[in-house]
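Below is one structure, written out as structure tokens; comments come after it.
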Amino acid sequence: MQSVLSALNLESIPQLSLGTAAALIFGAIASLAVLRGLLRILWGTTVLCLAGLAAFYSWQNSHSLALQWFKHEPTWFSIALPLLAFTLTFFLLRALGRFVVRPLGEPNEEIAEKNRKSPVRWAVTLLLSLIPTSLLWFAGATLVRHAGSVAEIKTYAEGLSQEPVSERTAFLAKLKQDIENAIPSDWFMGVDPLTSDLRLTLAKLISSADEPAPKAIAVLEEPEMKALILGDPELRKLAREGRYSEILRDPRLDRMLENDNLREVLRGLEL
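Its first residue numbered 1, the sequence shown is counted upward by one per residue in my numbering.
Shown next, in the form of structure tokens:
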């Protein structure tokens, strides 16, 4: 060990000229400026995605929270709660980001302008921009897919009653199918578990129980299934009023899906 240390003396270290040292320092500062700009892009996208996720999650649970707090869901609640969640999350994360990067100070405008013209910076920016672009795209696809799931329930229920389906509803239902053809539906379950296949089938049964499809009649005629699916007057009221989004988000569906027999029936039922 001593022989190694003795070999490491100042004479064995290459001497750097003043110009080389200055170039290295400038390169380090320039790299920090580039990295800081890219991190700002990534953090800004992350903040938007997390705020949107908070709004989406609060909207998913707005019905159950309203039942707990108000015993019923006010018409404004499903809009006000997601907006509040988005606003609070957005500004809290922005404040956290500013606090974390404050030690770095303000960017050097002269260095930033030089780096802005660098082909290397353009290449790295394009490469890393795929990450926030993918996040935003996936978030948008999740929202559209959820809207398409509600449209799918509406299309099914209104189709049985021979009511005309609007072009918007048919378009959203078709768009959901296109998204699932491009991306496996399992990818969305962690973000939007309310649109699982079993839950959608159950929501269709509840929504169309007054005029069930031939495949669903056998299920609804079984006493246990009939009591489970049609036994809640609140859900029946939502179905008659065509409030399909609230049916899909209702926490009572979670309790129904805990029944092993019902899950087994739903797995073999295609509506």
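Glycine included, C-beta positions come from ideal geometry on N, C-alpha and C.
Minimum Cα-Cα distance from Arg168 among the listed residues Pro184, Lys226, Ile179 and Val150 corresponds to Val150.
Secondary structure of Ser207 (DSSP, three-state): helix.
For Asp254, the enclosing alpha helix (DSSP H) starts and ends at Arg252 to Met256. Contact check between the region 205-214 and the region 179-193: fewer than three CB pairs, one atom from each, fall below 8 Å, which does not count as touching. Gln162 carries a coil assignment under DSSP once its states are collapsed to helix, strand and coil.
Put simply, of Met189, Leu266 and Ala54 the residue whose alpha carbon is nearest the alpha carbon of Leu228 is Leu266. Taking 8 Å as the cut-off, the Cβ atoms of Thr45 and Leu135 count as close. One alpha carbon belongs to Lys176, the other to Ser245, and they sit about 15 Å apart.
By the C-beta criterion, the region 254-266 is judged to be in contact with the region 185-199, since at least 3 inter-stretch pairs fall below 8 Å. Non-local C-beta neighbours of Ala55 in its own chain, meaning closer than 6 Å and more than five positions away in sequence, comprise Pro82, Ala85 and Phe86, ordered along the chain.
For Lys204, same chain residues with a beta-carbon under 6 Å away, outside a window of 5 residues either side, are Ile153, Tyr156 and Leu271 in chain order.
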